[in-house]
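Just so we're aligned, residue 10 is where the sequence shown starts under this note's numbering, counting upward by one. Glycine included, each C-beta is placed from N, C-alpha and C at the ideal position.
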Amino acid sequence: MNRTNWQHALIGAVMMLVAWAILALFDIPGAALIAFAIPVVWFLARECTSHEYRLGVARGWRWGKKLPVRWWEGMARSWTRDSMLDWMTPALVCLLLLYAIQIGVDVFLT
(Lines of atoms letter the chains of each structure in order from A and count residues from 1; the text may use other names and numbers.)
(Lines give C-alpha, C1' and ligand atoms only; values in the text may rest on other atoms or scores of the structure.)
Protein backbone atom coordinates (compact mmCIF):
# COMPACT_ATOMS: atom_id res chain seq x y z
CA MET A 1 0.00 0.00 0.00
CA ASN A 2 1.18 3.49 -0.72
CA ARG A 3 0.29 7.01 0.29
CA THR A 4 -2.36 7.51 -2.40
CA ASN A 5 -4.34 4.52 -1.14
CA TRP A 6 -4.58 6.10 2.31
CA GLN A 7 -5.35 9.51 0.82
CA HIS A 8 -8.20 7.99 -1.18
CA ALA A 9 -9.49 6.28 1.95
CA LEU A 10 -9.47 9.55 3.88
CA ILE A 11 -11.15 11.46 1.04
CA GLY A 12 -13.74 8.69 0.69
CA ALA A 13 -14.48 8.77 4.42
CA VAL A 14 -14.93 12.54 4.36
CA MET A 15 -17.17 12.29 1.28
CA MET A 16 -19.29 9.65 2.97
CA LEU A 17 -19.64 11.50 6.26
CA VAL A 18 -20.55 14.79 4.57
CA ALA A 19 -23.09 13.08 2.30
CA TRP A 20 -24.55 11.16 5.25
CA ALA A 21 -24.85 14.32 7.35
CA ILE A 22 -26.66 16.16 4.56
CA LEU A 23 -28.97 13.25 3.75
CA ALA A 24 -29.70 12.59 7.43
CA LEU A 25 -30.45 16.27 7.94
CA PHE A 26 -33.26 15.99 5.40
CA ASP A 27 -34.37 12.64 6.89
CA ILE A 28 -33.78 10.70 3.66
CA PRO A 29 -34.46 6.97 4.14
CA GLY A 30 -31.33 4.87 3.67
CA ALA A 31 -29.08 7.91 4.04
CA ALA A 32 -26.09 5.88 5.26
CA LEU A 33 -26.29 3.41 2.39
CA ILE A 34 -26.61 6.18 -0.20
CA ALA A 35 -23.68 8.00 1.41
CA PHE A 36 -21.66 4.77 1.25
CA ALA A 37 -22.33 4.34 -2.46
CA ILE A 38 -21.18 7.85 -3.43
CA PRO A 39 -17.42 7.60 -2.71
CA VAL A 40 -17.20 3.92 -3.67
CA VAL A 41 -18.68 4.53 -7.12
CA TRP A 42 -16.66 7.75 -7.46
CA PHE A 43 -13.31 6.02 -6.96
CA LEU A 44 -14.26 2.98 -9.06
CA ALA A 45 -15.29 5.25 -11.95
CA ARG A 46 -12.10 7.25 -11.53
CA GLU A 47 -9.95 4.14 -11.86
CA CYS A 48 -11.90 2.86 -14.87
CA THR A 49 -11.48 6.21 -16.61
CA SER A 50 -7.75 6.19 -15.87
CA HIS A 51 -7.48 2.75 -17.46
CA GLU A 52 -9.38 3.87 -20.54
CA TYR A 53 -7.04 6.81 -21.05
CA ARG A 54 -3.97 4.67 -20.38
CA LEU A 55 -5.11 2.16 -23.00
CA GLY A 56 -5.90 4.96 -25.45
CA VAL A 57 -2.46 6.55 -25.06
CA ALA A 58 -0.82 3.15 -25.55
CA ARG A 59 -2.76 2.83 -28.82
CA GLY A 60 -1.62 6.22 -30.12
CA TRP A 61 -4.60 8.32 -29.07
CA ARG A 62 -4.27 12.12 -28.90
CA TRP A 63 -6.57 14.76 -27.41
CA GLY A 64 -9.38 15.73 -29.75
CA LYS A 65 -9.50 12.32 -31.40
CA LYS A 66 -11.92 9.49 -30.69
CA LEU A 67 -10.67 7.27 -27.88
CA PRO A 68 -9.77 3.86 -29.43
CA VAL A 69 -11.09 1.87 -26.47
CA ARG A 70 -14.19 -0.31 -26.31
CA TRP A 71 -16.76 0.46 -23.62
CA TRP A 72 -15.80 -2.52 -21.46
CA GLU A 73 -12.01 -2.27 -21.63
CA GLY A 74 -11.68 0.20 -18.77
CA MET A 75 -13.10 -2.42 -16.43
CA ALA A 76 -11.47 -5.49 -17.91
CA ARG A 77 -7.87 -4.51 -18.68
CA SER A 78 -4.80 -2.88 -17.16
CA TRP A 79 -5.67 -3.41 -13.50
CA THR A 80 -2.63 -3.41 -11.24
CA ARG A 81 -2.40 -4.04 -7.53
CA ASP A 82 -2.12 -0.30 -6.92
CA SER A 83 -5.16 0.57 -9.03
CA MET A 84 -7.21 -2.10 -7.26
CA LEU A 85 -6.19 -0.69 -3.88
CA ASP A 86 -6.98 2.85 -5.05
CA TRP A 87 -10.69 2.02 -5.03
CA MET A 88 -10.81 -0.92 -2.63
CA THR A 89 -9.24 0.98 0.28
CA PRO A 90 -11.93 3.70 0.26
CA ALA A 91 -14.57 1.01 -0.20
CA LEU A 92 -13.39 -0.91 2.88
CA VAL A 93 -13.04 2.23 5.01
CA CYS A 94 -16.51 3.39 3.96
CA LEU A 95 -17.90 -0.09 4.68
CA LEU A 96 -16.52 0.15 8.22
CA LEU A 97 -18.03 3.62 8.56
CA LEU A 98 -21.36 2.31 7.29
CA TYR A 99 -21.26 -0.43 9.91
CA ALA A 100 -20.36 2.09 12.64
CA ILE A 101 -23.18 4.40 11.55
CA GLN A 102 -25.71 1.56 11.54
CA ILE A 103 -24.58 0.33 14.97
CA GLY A 104 -24.63 3.89 16.33
CA VAL A 105 -28.10 4.59 14.95
CA ASP A 106 -29.44 1.30 16.33
CA VAL A 107 -27.98 2.07 19.78
CA PHE A 108 -29.75 5.43 19.87
CA LEU A 109 -33.04 3.99 18.62
CA THR A 110 -33.24 1.31 21.32
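Spatial distance of residue i from residue j (CA atoms)
{"i": "H60", "j": "E82", "result": "8 Å"}
{"i": "A44", "j": "W96", "result": "16 Å"}
{"i": "L107", "j": "M84", "result": "26 Å"}
{"i": "D91", "j": "T98", "result": "10 Å"}
{"i": "G73", "j": "F35", "result": "42 Å"}
{"i": "A54", "j": "L105", "result": "21 Å"}
{"i": "I31", "j": "L101", "result": "22 Å"}
Test item: CB-CB of residue i and residue j under 8 Å
{"i": "C103", "j": "V27", "result": "no"}
8 Å CB neighbourhood of residue i in its chain, flanking five on each side removed
{"i": "L76", "result": "E61, Y62, G65, W70"}
Burial state of residue i (16 or more Cβ within 10 Å)
{"i": "M25", "result": "buried"}
{"i": "A41", "result": "buried"}
{"i": "P38", "result": "exposed"}
{"i": "W80", "result": "exposed"}
Option in the options with minimal Cα separation from residue i
{"i": "S87", "options": "G21, C57, A100", "result": "C57"}
{"i": "Q111", "options": "A33, R12, W80", "result": "A33"}
Nonlocal neighbours in the same chain, by C-beta distance under 7 Å from residue i, ignoring five residues either side
{"i": "L94", "result": "M10, N14"}
{"i": "F52", "result": "H17, G21, D95, W96, P99"}
Beta-carbon contacts of residue i that lie in its chain and below 6 Å, excluding the five residues immediately before and after
{"i": "R68", "result": "P77"}
{"i": "G113", "result": "none"}
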